[in-house]
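Single-structure report; data block below.
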Amino acid sequence: MFLKTTMALSAIFMAQSFTLSSAFADASCPSLAGKYAKCQSDDPEDKGSRDVVITEKTENNITTYSLESTDNETDERSTLLFIADGISRSENVGGEPDDLLVTTVNCAQDSIKVSNKIVIQNQEVASLESTGFKQGNKFIYNSQGSVLGEEVKQSMVCE
Numbered sequence: 004m005f006l007k008t009t010m011a012l013s014a015i016f017m018a019q020s021f022t023l024s025s026a027f028a029d030a031s032c033p034s035l036a037g038k039y040a041k042c043q044s045d046d047p048e049d050k051g052s053r054d055v056v057i058t059e060k061t062e063n064n065i066t067t068y069s070l071e072s073t074d075n076e077t078d079e080r081s082t083l084l085f086i087a088d089g090i091s092r093s094e095n096v097g098g099e100p101d102d103l104l105v106t107t108v109n110c111a112q113d114s115i116k117v118s119n120k121i122v123i124q125n126q127e128v129a130s131l132e133s134t135g136f137k138q139g140n141k142f143i144y145n146s147q148g149s150v151l152g153e154e155v156k157q158s159m160v161c162e
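Each residue of the sequence shown is one higher than the one before, counting from 4 in the numbering used here.
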């Protein structure tokens, strides 16, 4: 569900569009590629994901990550694309032109840093800061911030 929540935030609150600035050499972006049988969140309501595949491609010093997974609750397969270039991107997430998701992604040391803000009717309703990194054979994705005024702090581990 963490991955599902993250995807839902992508569609409604948070995009998983990782972006790395050409100001960062591709050596600054970590290698996150891998296959993981399952991902589980520390949120007990989150059913997690399975068959997770992370691929990456660097072209013109811009690294693009792709994350494919199957949601354990819905059995839906989805793909999230993360273009790492440090540029803030806006995406309409609702029926109104002012309903926006603003995402910025950078690489820092051995991790990616993702900043997401959701603005609905010119009001910020969500703000999440996330960090993704590999630790041995695991991929770890930690998020914290607020959604609708409530503090959010979650960790997802894929292995």
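Every residue, glycine too, gets a C-beta built ideally from N, C-alpha and C.
Run of the beta strand (DSSP E) containing residue i, from where it starts to where it stops
i	result
Thr-134	126 to 138
Glu-94	92 to 95
Cys-110	103 to 111
Asn-145	141 to 150
Ser-51	According to the sequence provided, residue 51 is Gly. The question's Ser does not apply to it. Note, Gly-51: premise wrong, no beta strand (DSSP E); not H, not E.
Asp-78	Here Asp-78 belongs to no beta strand (DSSP E), and DSSP marks it neither H nor E.
Glu-99	Taken as a continuous stretch (DSSP letters only), Glu-99 belongs to no beta strand (DSSP E), as it is neither H nor E.
Leu-161	Per the sequence presented here, residue 161 reads as Cys, with Leu not at that position. Unbroken beta strand (DSSP E) run through Cys-161: 153 to 161.
Gly-37	37 to 44
Arg-119	Correcting the residue identity first, residue 119 is Asn in this sequence and not Arg. Note, Asn-119: beta strand (DSSP E), 114 to 123.
CA nearest to the CA of residue i, picked from the options
i	options	result
Ala-36	Glu-79, Val-96, Glu-153 and Gln-138	Gln-138
Val-105	Ala-87, Ser-91, Glu-99 and Ile-115	Ser-91
Leu-46	Ile-86, Ile-115, Thr-107 and Ser-146	Note on identity: in this sequence residue 46 is Asp, with Leu being the wrong assignment. Closest by alpha carbon: Ser-146.
Gln-124	Ser-114, Gly-97, Ser-81 and Lys-38	Gly-97
Phe-136	Cys-32, Ser-114 and Asp-88	Ser-114
Asp-101	Cys-32, Thr-107 and Ser-93	Ser-93
Buried/exposed call for residue i, threshold 16 Cβ in 10 Å
i	result
Thr-67	buried
Ser-34	exposed
Leu-131	buried
Glu-59	buried
Thr-9	Confidence in Thr-9 is poor, its pLDDT being 42 and thus under 50, which makes the residue's placement unreliable; the coordinate value appears in the next sentence. Its Cβ being crowded by 16 or more others within 10 Å, Thr-9 is buried.
Ala-26	Only weak support is given to the placement of Ala-26: the predicted model assigns it a pLDDT of 35, under 50, and the value that follows is read from those uncertain coordinates. It is exposed - the Cβ of Ala-26 has fewer than 16 other Cβ atoms within 10 Å.
Alpha carbon of residue i to alpha carbon of residue j, nearest angstrom
i	j	result
Val-160	Val-117	17 Å
Ala-40	Asn-75	11 Å
Lys-156	Ala-129	13 Å
Asn-64	Ala-111	15 Å
Arg-53	Ser-72	6 Å
Asn-140	Glu-99	42 Å
Arg-80	Gln-126	32 Å
Leu-151	Asn-119	14 Å
Asp-49	Gln-43	7 Å
Val-56	Phe-142	11 Å
Glu-153	Ile-121	14 Å
Gly-89	Ser-133	14 Å
Asn-109	Cys-32	8 Å
Gln-77	Glu-62	This sequence places Thr at residue 77; Gln is not what is there. Those two C-alpha atoms are separated by around 34 Å.
Assumed close pair residue i, residue j - CB separation to whole angstroms, cut-off 8 Å
i	j	result
Phe-85	Leu-70	7 Å
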